[in-house]
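**Student:** Shown below is the structure under consideration.
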Amino acid sequence: MTEHDRNAAAYWSANLRLIVGCLIVWALVSYGGGILLRPLLAGISIGGTDLGFWFAQQGSILTFIGLIFFYAWRMNKLDKEFDLHEE
Amino acid sequence: MSQFAINLIFVGGSFALYIAIAIWARAGSTKEFYVAGGGVNPVMNGMATAADWMSAASFISMAGLIAAGGYANSTFLMGWTGGYVLLAMLLAPYLRKFGKFTVPEFIGDRFYSKNARFVAVACLIIASVTYVIGQMTGAGVAFSRFLEVDSDTGLIIAAVIVFLYAVMGGMKGITYTQVAQYVVLIIAYTIPAVFISLQLTGNALPPLGLFSDHVESGMPLLQKLDMIVRDLGFNDYTADVSNKLNMVLFTLSLMIGTAGLPHVIIRFFTVPKVSDARWSAGWALVFIALLYLTAPAVASMARLNLLTTIYPAGETANAIEYAQRPDWIKNWEVTGLIKFDDKNSDGRIQMYNDKSESFKQTATERGWNGNELTVNNDILVLANPEIANLPGWVIGLIAAGGLAAALSTAAGLLLAISSAVSHDLIKGSINPEISEKGELTAARISMAAAIIVATHLGMNPPGFAAQTVALAFGIAAASIFPALMMGIFSKRVNNTGAIAGMLAGLISTVLYIFLYLGWFFIPGTNTFENVQANWLFGISPLSFGAVGAMINFAVAFAVSSATQAPPQHIQDLVESVRYPKGAGSATGH
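Read top to bottom, the protein sequences are chains A and B.
Numbering that gives the first Met the number 0 applies: residue 0 is where the first sequence begins, and numbers increase by one.
Numbering that gives the first Met the number 0 applies: residue 0 is where the second sequence begins, and numbers increase by one.
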């Protein structure tokens with residue numbers, strides 16, 4: 000394995016770790032907070048209803064936006080760190 | 000000035016703008032026609048993607064669906080936005096790096112198989128054509144309500160406008176008109192919502208108004224709404240659902256379906272760099288979220304407004320007299336989308352849940368003889384300004400906005416269809432030696448043909464138009480998304496595996512839908528009645544796309560591991576899409 004290959008492999012596994020991390024949050028806010036865990040969050044009230052309702056109608060969308068910008072920022076930085084960015 | 004004249008000014012003005020953009024942005028090469036020359040600014044592309052994605056369904060229907068279903072229909076909000084997270088991380092940057100013009104082209108190259116490319120073209124065309132029917136009928140409805148022409152004439156006007164800028168400008172013309180259409184549709188959607196939120200909660204921001212106190216009663220808005228609907232025998236607006244498995248799978252199907260829709264994916268081929276594709280997905284979701292955060296507020300406030308209009312003295316007192324009904328009900332009665340039937344002949348409009356067993360006794364005591372007012376979900380957004388007594392120009396704006404939403408999505412779909420025909424079928428297979436000029440002409444002719452087919456289907460919508468949207472999402476989720484993802488994230492999946500996987504996902508999903516919704520959607524031919532008791536593990540046919548995707552993944556991996564690994568140059572291709580370095584702009588070669 001050449002130096003270049005090792006570098007590329009390290010970049011790819013860093014990308015995969017980042018994706019897995021982001022998708023865990025993605026699933027937690029929507030399938031978790033918005034759907035499956037709603038009964039558990041029923042005690043936390045917000046504006047006349049409960050936290051699960053907020054996640055389903057607002058919280059998950061706001062989190063999705065944050066996730067994409069975080070991912071884009073991290074990856075564009077990683078591209079440069081591993082010297083794999085476009086000219 | 001009459002309302003008709005105002006509507007005409009808004010709609011005519013917006014159309015003149017789109018045509019002016021089309022003349023300015025004519026496409027001179029296939030690269031401009033397919034990917035707008037590959038030089039679109041990522042924020043601009045985000046805005047165009049938002050317009051491309053937000054269809055008549057998002058603009059007109061979604062708030063109505065949430066108003067009717069309450070919490071249970073939050074699935075649309077999460078599903079139609081969560082797909083962008085998948086797009087940004089799993090597809091868009093790598094497909095941009097690959098740098099070709101169409102989605103089937105990636106599948107054909109990566110799985111070194113013309114058959115794989117054909118399967119992808121077939122999936123793309125079925126998904127896009129079924130989707131475009133809805134846009135054309137939506138445009139027809141908006142025309143007939145606001146411009147007082149019959150809906151066929153409206154449809155032809157819409158088709159001519161799309162023809163002008165899509166055929167002339169290709170992706171370049173479409174991109175810049177979509178930016179203009181986004182601005183029109185988002186202003187049209189949010190302005191009435193701001194006014195209504197101010198009236199009901201005193202908060203000018205609808206997403207905050209949703210969780211604020213209702214000014215008149217001093218209670219939180221959602222609590223007040225829960226109370227009113229409960230008093231009329233409906234389920235609580237915020238009530239939880241019992242079939243959580245189905246809710247999860249439906250949301251997942253919408254998410255991966257969104258990420259797998261070709262007309263959305265090709266928008267990311269138009270930005271200059273891989274890093275731009277990542278940013279652009281974020282901007283797209285920001286612009287989409289402006290509408291998607293407003294929609295649930297519009298939904299709950301419109302439902303509250305509707306019920307307080309029907310029961311002006313409170314929901315336990317007498318309903319409004321039919322003779323006293325407001326003008327907006329009269330206007331929409333003409334279209335047949337609001338219907339009144341005085342079942343107990345008392346001259347008043349009783350609206351309640353006559354299907355609730357526990358409420359029957361109360362209804363009988365009050366002398367009610369069934370629900371008397373049926374309101375089509377689709378009118379909530381369009382009638383919103385009238386319900387809230389907003390000035391005439393806001394109504395004109397809504398008309399222009401609804402048309403912008405329908406036309407921008409239709410144009411994106413038509414481009415995806417025409418590029419699949421001219422680039423994947425004609426250049427990729429029938430006549431690979433075709434000149435660039437010849438291919439550009441072929442692209443324009445197939446675009447024109449696609450518009451004619453879409454207009455024809457819009458005028459004579461097959462009775463199953465509404466159900467076919469499930470088919471479009473099911474196909475995108477079960478066939479296209481998994482093939483693309485495996486093509487990028489696995490070097491081991493080979494041609495045989497990918498084709499077997501796509502076919503398994505496609506066929507299982509289509510069969511499951513046909514079993515409950517009728518074979519080829521012909522009414523009455525369904526094998527099982529479409530009720531929850533009959534569904535496999537309680538999974539509705541609309542939620543099956545996610546299961547189809549899992550079948551696709553499983554079959555593709557199983558078949559690939561039993562057959563030969565892809566050749567070295569394909570593994571190198573997979574390597575190259577993973578690293579941004581060396582990306583040129585999109586090419587057809």
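No residue lacks a Cβ here, since even glycine has one placed at the ideal position from N, Cα and C.
Might you give, ordered along the chain, the residues of its own chain that have their beta carbon closer than 6 Å to the beta carbon of B/PRO565, omitting 5 neighbours on each side?
**Tutor:** Reading the second sequence from its first residue, position 566 is the one you call residue 565 of chain B. Once the five neighbours on either side are set aside, the close Cβ partners of B/PRO565 are ASN493.
**Student:** With DSSP collapsed to three states, give me the class of B/GLU320.
**Tutor:** Taking the first residue of the second sequence as position 1, residue 320 of chain B is located at position 321. The answer is strand: DSSP assigns B/GLU320 an E or B state.
**Student:** Can you tell me the Cα-Cα spacing of B/THR129 and B/LEU413, whole angstroms?
**Tutor:** Here residue 129 of chain B refers to the residue found at position 130 of the second sequence. Here residue 413 of chain B refers to the residue found at position 414 of the second sequence. Taking the straight line from one Cα to the other gives about 11 Å.
**Student:** List the DSSP bridge partners of B/THR373.
**Tutor:** Position 374 of the second sequence holds residue 373 of chain B. In DSSP, B/THR373 forms a bridge with B/LYS338.
**Student:** Counting contacts by CB-CB distance shorter than 8 Å, is B/SER274 in contact with chain A?
**Tutor:** Along the second sequence, one-based indexing puts residue 274 of chain B at 275. So yes, B/SER274 belongs to the interface.
**Student:** In chain order, what residues of the segment 215-241 of chain B put their CB closer than 9 Å to some CB of chain A?
**Tutor:** MET218, PRO219, LEU220, LEU221, GLN222, LYS223, LEU224, ASP225, TYR236, THR237, ASP239, VAL240
**Student:** Answer yes or no: does any C-beta atom of chain D fall closer than 8 Å to that of A/ALA13?
**Tutor:** No chain D is present in this structure, whose protein chains are A and B.
**Student:** Could you give the distance in angstroms between the alpha-carbon of B/THR250 and the alpha-carbon of A/ASP4?
**Tutor:** Within the second sequence, numbered from 1, the residue matching residue 250 of chain B stands at position 251. Within the first sequence, numbered from 1, the residue matching residue 4 of chain A stands at position 5. B/THR250 and A/ASP4: Cα-Cα distance of roughly 39 Å.
**Student:** Do B/MET88 and A/CYS21 come within 8 Å of each other at the CB atom, strictly closer than that value?
**Tutor:** The residue you call residue 21 of chain A lines up with position 22 of the first sequence. The residue you call residue 88 of chain B lines up with position 89 of the second sequence. Yes, the pair counts as a contact, with Cβ atoms nearer than the cut-off.
**Student:** If you drop the 5 nearest sequence neighbours on each side, which residues of the same chain put their C-beta closer than 6 Å to that of B/ALA318?
**Tutor:** Counting from one through the second sequence, the residue named residue 318 of chain B turns up at place 319. These residues qualify, in order along the chain: ILE309, TYR310, ARG347, ILE348, GLN349.
**Student:** Would you report the Cα separation of B/PHE75 and A/TRP25, rounded to the nearest angstrom?
**Tutor:** Taking the second sequence and counting its residues from 1, one reaches residue 75 of chain B at position 76. Taking the first sequence and counting its residues from 1, one reaches residue 25 of chain A at position 26. Each residue's Cα considered, the two are about 16 Å apart.
**Student:** Does any residue of chain A have a CB that is nearer than 8 Å to the CB of B/PHE210?
**Tutor:** Translated into positions along the second sequence, residue 210 of chain B becomes position 211. By this cut-off, B/PHE210 is an interface position.
**Student:** Starting from A/THR48, find everything on chain B with Cβ-Cβ shorter than 7 Å and list it in chain order.
**Tutor:** The count along the first sequence starts at 1 and reaches residue 48 of chain A at position 49. Neighbours of A/THR48 on chain B, chain order: LEU221, THR237.
**Student:** Who are the Cβ neighbours of B/ALA294 in its own chain at under 6 Å, not counting the five residues just before and after it?
**Tutor:** The residue given as residue 294 of chain B occupies position 295 in the second sequence. MET61, ALA62, listed in sequence order.
**Student:** Just the Cα atoms here: how many angstroms apart are B/ILE538 and B/LEU244?
**Tutor:** Against the second sequence, residue 538 of chain B aligns to sequence position 539. Against the second sequence, residue 244 of chain B aligns to sequence position 245. Between B/ILE538 and B/LEU244, the C-alpha separation is close to 7 Å.
**Student:** Please go through the same chain and pick out, in chain order, the residues whose beta-carbon is closer than 8 Å to the beta-carbon of A/ASP49, but skip the five residues on each side of it.
**Tutor:** Taking the first residue of the first sequence as 1, we reach residue 49 of chain A at position 50. Within the same chain, A/ASP49 has close Cβ partners ARG37, LEU40, ALA41, GLY42, ILE43.
**Student:** Starting from A/GLY47 and walking both ways along the alpha helix (DSSP H), at which residues does that stretch end?
**Tutor:** The residue you call residue 47 of chain A lines up with position 48 of the first sequence. No alpha helix (DSSP H) contains A/GLY47, which DSSP labels as neither H nor E.
**Student:** Excluding five sequence neighbours on each side, which residues of the same chain lie with their C-beta closer than 6 Å to the C-beta of B/ILE264?
**Tutor:** Here residue 264 of chain B refers to the residue found at position 265 when the second sequence is read from its first residue. Contacts found: VAL102.
**Student:** For the alpha helix (DSSP H) containing B/ILE124, list its first residue and its last residue.
**Tutor:** Along the second sequence, one-based indexing puts residue 124 of chain B at 125. That run of the alpha helix (DSSP H) goes 113-145.
**Student:** Taking B/THR80 as the query, report the chain A residues whose CB atoms sit under 7 Å from its CB, ordered along the chain.
**Tutor:** Residue numbering aside, residue 80 of chain B sits at position 81 when the second sequence is read from its first letter. Within 7 Å Cβ-Cβ: ILE60, PHE63.
**Student:** DSSP beta-bridge partners for B/ASP212?
**Tutor:** The residue labelled residue 212 of chain B in the question sits at position 213 within the second sequence. DSSP output for B/ASP212 lists B/PRO219 as bridge partner(s).
**Student:** Would you mind reading off the limits of the alpha helix (DSSP H) that contains B/ALA165?
**Tutor:** Taking the first residue of the second sequence as position 1, residue 165 of chain B is located at position 166. Here the alpha helix (DSSP H) through B/ALA165 covers 150-200.
**Student:** Under the three-state reduction of DSSP, which class applies to B/ARG347: helix, strand or coil?
**Tutor:** Position 348 of the second sequence, counted from the first residue, corresponds to residue 347 of chain B. The answer is strand: DSSP assigns B/ARG347 an E or B state.
**Student:** Is the Cβ-Cβ distance between B/ALA499 and B/GLY544 less than 8 Å?
**Tutor:** On the second sequence, position 500 is the one that residue 499 of chain B refers to. On the second sequence, position 545 is the one that residue 544 of chain B refers to. No, Cβ-Cβ distance for B/ALA499 and B/GLY544 is not below 8 Å.
**Student:** Nearest by alpha-carbon distance to B/ASN40: which of B/ALA280, B/ALA121, B/ASP212 is it?
**Tutor:** As a first step, residue 40 of chain B must be located in the second sequence, where it is residue number 41. Measuring from the Cα of B/ASN40, the nearest candidate turns out to be B/ALA280.
**Student:** Of all the alpha helix (DSSP H) runs that stay within the bounds of the segment 233-272 of chain B, which reach a length of 4 or more residues?
**Tutor:** 243-259, 261-264
**Student:** Would you say B/ILE474 and B/THR524 are within 8 Å of each other, going by their C-beta atoms?
**Tutor:** Walking along the second sequence from the start, residue 474 of chain B turns up at place 475. Walking along the second sequence from the start, residue 524 of chain B turns up at place 525. No Cβ-Cβ contact shorter than 8 Å links B/ILE474 with B/THR524.
**Student:** Can you tell me whether B/ALA66 is helix, strand or coil according to DSSP?
**Tutor:** Working through the second sequence from its first residue, we reach residue 66 of chain B at position 67. Three-state result, B/ALA66: helix.
**Student:** Going along chain B in order, which residues have a C-beta closer than 8 Å to the C-beta of A/ILE18?
**Tutor:** For the purposes of this step, residue 18 of chain A is taken as residue 19 along the first sequence, with counting starting at 1. Those within 8 Å of A/ILE18 in chain B are MET88, LEU89.
**Student:** Have a look at B/ASN114, B/VAL10, B/ARG25, B/GLY133 and flag the residue whose alpha-carbon is nearest the alpha-carbon of B/THR454.
**Tutor:** Within the second sequence, the letter at position 455 stands for residue 454 of chain B. It is B/GLY133 whose Cα lies nearest to the Cα of B/THR454.
**Student:** Closer than 7 Å by beta-carbon distance: list the chain A residues that pair up with B/SER73, in chain order.
**Tutor:** For this step, residue 73 of chain B is matched to residue 74 along the second sequence. The contacting residues are GLY33, ALA55, GLN56.
**Student:** Could you round the C-beta distance between B/ALA548 and B/PHE480 to whole angstroms and report it? I think they count as a contact, below 8 Å.
**Tutor:** Residue mapping note: residue 548 of chain B aligns to position 549 of the second sequence, counting from 1. Residue mapping note: residue 480 of chain B aligns to position 481 of the second sequence, counting from 1. With 8 Å as the limit, B/ALA548 and B/PHE480 qualify as a contact, their Cβ atoms being about 6 Å apart.
**Student:** Could you give the residue range of the alpha helix (DSSP H) that holds B/ASN430?
**Tutor:** Counting from 1 along the second sequence, the entry for residue 430 of chain B is found at position 431. Unbroken run through B/ASN430: none, as it is neither H nor E.
**Student:** Please confirm whether B/VAL247 has its beta-carbon closer than 8 Å to some beta-carbon of chain A.
**Tutor:** Counting from 1 along the second sequence, the entry for residue 247 of chain B is found at position 248. For B/VAL247, the answer is yes, since a Cβ of chain A falls inside 8 Å of its Cβ.
**Student:** Alpha carbon to alpha carbon, how far is B/ASP326 from B/ALA387?
**Tutor:** The residue labelled residue 326 of chain B in the question sits at position 327 within the second sequence. The residue labelled residue 387 of chain B in the question sits at position 388 within the second sequence. Going from the Cα of B/ASP326 to the Cα of B/ALA387 covers about 11 Å.
**Student:** With a threshold of 8 Å between beta-carbons, can A/ILE90 be considered close to chain B, or not?
**Tutor:** With chain A covering only 0 through 86, there is no way to say anything about residue 90 of chain A.
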